[in-house]
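Numbering (mature numbering (1 follows the signal peptide of the UniProt record, and there is no 0)), first residue to last: -19 to -1, 1 to 298. By construction, the Cβ of each residue, glycine as well, lies at the ideal position given by its N, Cα and C atoms. First up is the structure itself, then whatever we jot down about it.
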Amino acid sequence: MAFLAFVTALVFSQEAAHAAIEEAEPGSELFEQFRPVYHFLAREKWMNDPCAPYYDEDTGLYHMFYQSNPNSTIWGNMTWGHAVSKDQVTWKDYPDALLPFHDKWDNLGVFSGFAMNNAIDGKHTVFYTGVTALPISWKKEYLFGEHVMYATTSNGGSTWHKGTKPLIKQPPKGMNVTGWRDPMPFHSQSLDKHFGFDATTGSNYLLVAGGIHNEGPRIFLYHSEDYLNWEYKGFLLAQEKNTKFSRYSANWGYNFETTIYREMKDEDGELHNVMLFAAEGDPNRYPMWATGTFGAAGSDSASSDSDEGLFTPLMVG
């Protein structure tokens, strides 16, 4: 009956049909009719980037966040929606985790980021982009309105408490950036070896995606021993604008977003450095991957004042 009511409403009024969908309850025929059977979808309104998935061993729950606008079906008012699962198939909606209240450093939006278990103060921590100036586009003049922020939880992810100030306030001085966002914390045997760091003392890294006007996309690399104080180490990846690695690969574009770095071992135990990133081009945008190597141990190819990237791609797709 609910679906029949929807069809009837659609015939006479698109507005009425839309209202019928919004008012449908979970589990009802109309609510489930146009939802994916397997993939997660927000209960209502706008959603885009999935953010900061992590597993909590203490509770046995997988956590997933996502960019959400709880007030509209169009982009804006970026908030972190939140859902949990025991099996990564069936998800339960949690209250929104991070909202752009009138805080100083994210009043115009809580943009994408990633999670790290047992990070700041030994707590599960999410690193995110706090936004204080819009619009943000690689095609426009940069407004320096993106900041690396964080939030921690003390109750298994039920609620999150924001830091009062940015971990990193803005991009490195003197750089005419196209973007600077989506912080990702990680550990790296390969980078420890390159820089000569002892991982037992707390070797932590952070990627921030972006680019340089008239030059090309960039991945900014930072290092910290405590997750609170970060030192800029230079570009992890630097590519010439609007070019390709090969005739078979996608275009690097002009700006990177949502970059992920992982180290994966093959069946022989060899370690591979793998990067995933979104390349913003004109007009196309591409999800891309790359495997590669780092410069020789002790080299200065990724020094903070170098235009070169430390990561050298060997395969790109």
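Is DSSP giving residue i helix, strand or coil here?
| i | result |
| --- | --- |
| threonine 40 | coil |
| glutamine 69 | coil |
| lysine 222 | coil |
| leucine 295 | strand |
| threonine 181 | helix |
| histidine 175 | helix |
| glutamine 170 | helix |
| isoleucine 117 | coil |
| glycine 192 | strand |
| glutamate 212 | strand |
| asparagine 157 | coil |
| glutamate 244 | strand |
| residue 301 | In the structure displayed, the chain extends from -19 to 298; residue 301 sits before or after that span and is not available. |
| glutamate 251 | coil |
| glutamate 238 | strand |
| glutamate 13 | helix |
| glutamate 289 | coil |
| glycine 94 | strand |
| aspartate 207 | coil |
| aspartate 30 | strand |
| glycine 111 | strand |
| aspartate 84 | coil |
| glycine 103 | helix |
| lysine 150 | coil |
| tyrosine 131 | strand |
| serine 139 | coil |
| phenylalanine 258 | strand |
| arginine 23 | Correcting the residue identity first, residue 23 is alanine in this sequence and not arginine. If DSSP states are grouped into helix, strand and coil, alanine 23 belongs with coil. |
| tyrosine 35 | strand |
| phenylalanine 46 | strand |
| tyrosine 75 | strand |
| proline 51 | coil |
| leucine 89 | coil |
On a Cα-Cα basis, can you pick out the residue from the options that is closest to residue i?
| i | options | result |
| --- | --- | --- |
| glutamine 220 | Pro34, Glu261, Val70 | Glu261 |
| valine 112 | Glu127, Asn254, Lys120 | Glu127 |
| threonine 71 | Thr60, Ala23, Trp86, Gly90 | Ala23 |
| serine 230 | Arg266, Asn210, Gly215 | Arg266 |
| threonine 224 | Tyr213, Asn236, Leu217 | Asn236 |
| glutamate 251 | Gly273, Tyr43, Gly94, Thr40 | Gly273 |
| asparagine 99 | His253, Phe46, Asp37 | Asp37 |
| proline 116 | Leu79, Phe92, Met156, Gln14 | Phe92 |
| threonine 239 | Asn50, Leu79, Tyr208, Phe108 | Phe108 |
| tyrosine 208 | Gly90, Ala259, Leu148 | Leu148 |
| proline 76 | Lys85, Phe82, Thr60 | Thr60 |
| proline 268 | Asp30, Leu79, Gln14 | Asp30 |
| proline 153 | Phe125, Pro166, Gly94 | Phe125 |
| leucine 202 | Trp86, Ala114, Met165 | Met165 |
By Cβ distance, which residues of its chain are closer than 6 Å to residue i, with the 5 residues on each side in sequence left out?
| i | result |
| --- | --- |
| alanine 271 | Met256, Pro294, Val297 |
| phenylalanine 21 | Trp72 |
| phenylalanine -8 | Any reading at phenylalanine -8 must be qualified, since the residue scores a pLDDT of 47, below 50, and its modelled position is unreliable; the value itself is stated next. Here the set comprises nothing. |
Roughly how far, in whole angstroms, is the beta-carbon of residue i from the beta-carbon of residue j, given that I think they are within contact range, below 8 Å?
| i | j | result |
| --- | --- | --- |
| glutamate 212 | histidine 204 | 5 Å |
| alanine 96 | threonine 106 | 7 Å |
| lysine 143 | alanine 132 | 5 Å |
| phenylalanine 178 | serine 184 | 5 Å |
Could you pull out every residue in the same chain whose Cβ sits closer than 8 Å to the Cβ of residue i, ignoring the five residues on either side in sequence?
| i | result |
| --- | --- |
| aspartate 263 | Lys120, Asn223, Gly234, Tyr235 |
| arginine 228 | none |
| lysine 246 | Leu252, His253 |
For a test of your reading of the model: does the CB of residue i fall under 6 Å from any non-hydrogen atom of the ligand SAM? Yes or no.
| i | result |
| --- | --- |
| tryptophan 141 | With respect to the ligand SAM, the structure offers nothing, as it holds no ligand at all. |
Keeping to the same chain, check which residues put their C-beta closer than 7 Å to that of residue i; ignore five residues upstream and five downstream.
| i | result |
| --- | --- |
| lysine 150 | His128 |
| isoleucine 193 | Met156, Asn157, Val158, Thr159, Arg199 |
| aspartate 102 | Thr133 |
| residue 299 | In the structure as shown, the chain begins at -19 and stops at 298. Residue 299 is therefore absent and cannot be evaluated. |
Closer than 8 Å is the cut-off here; do at least three beta carbon pairs connect the stretch 58 to 76 with the stretch 28 to 44? By the Cβ test, the stretch 58 to 76 is in contact with the stretch 28 to 44, since at least three Cβ pairs between them sit closer than 8 Å.
Would you say the stretch 186 to 195 touches the stretch 144 to 162, given that touching needs at least three Cβ pairs under 8 Å? Yes, the stretch 186 to 195 is in contact with the stretch 144 to 162.
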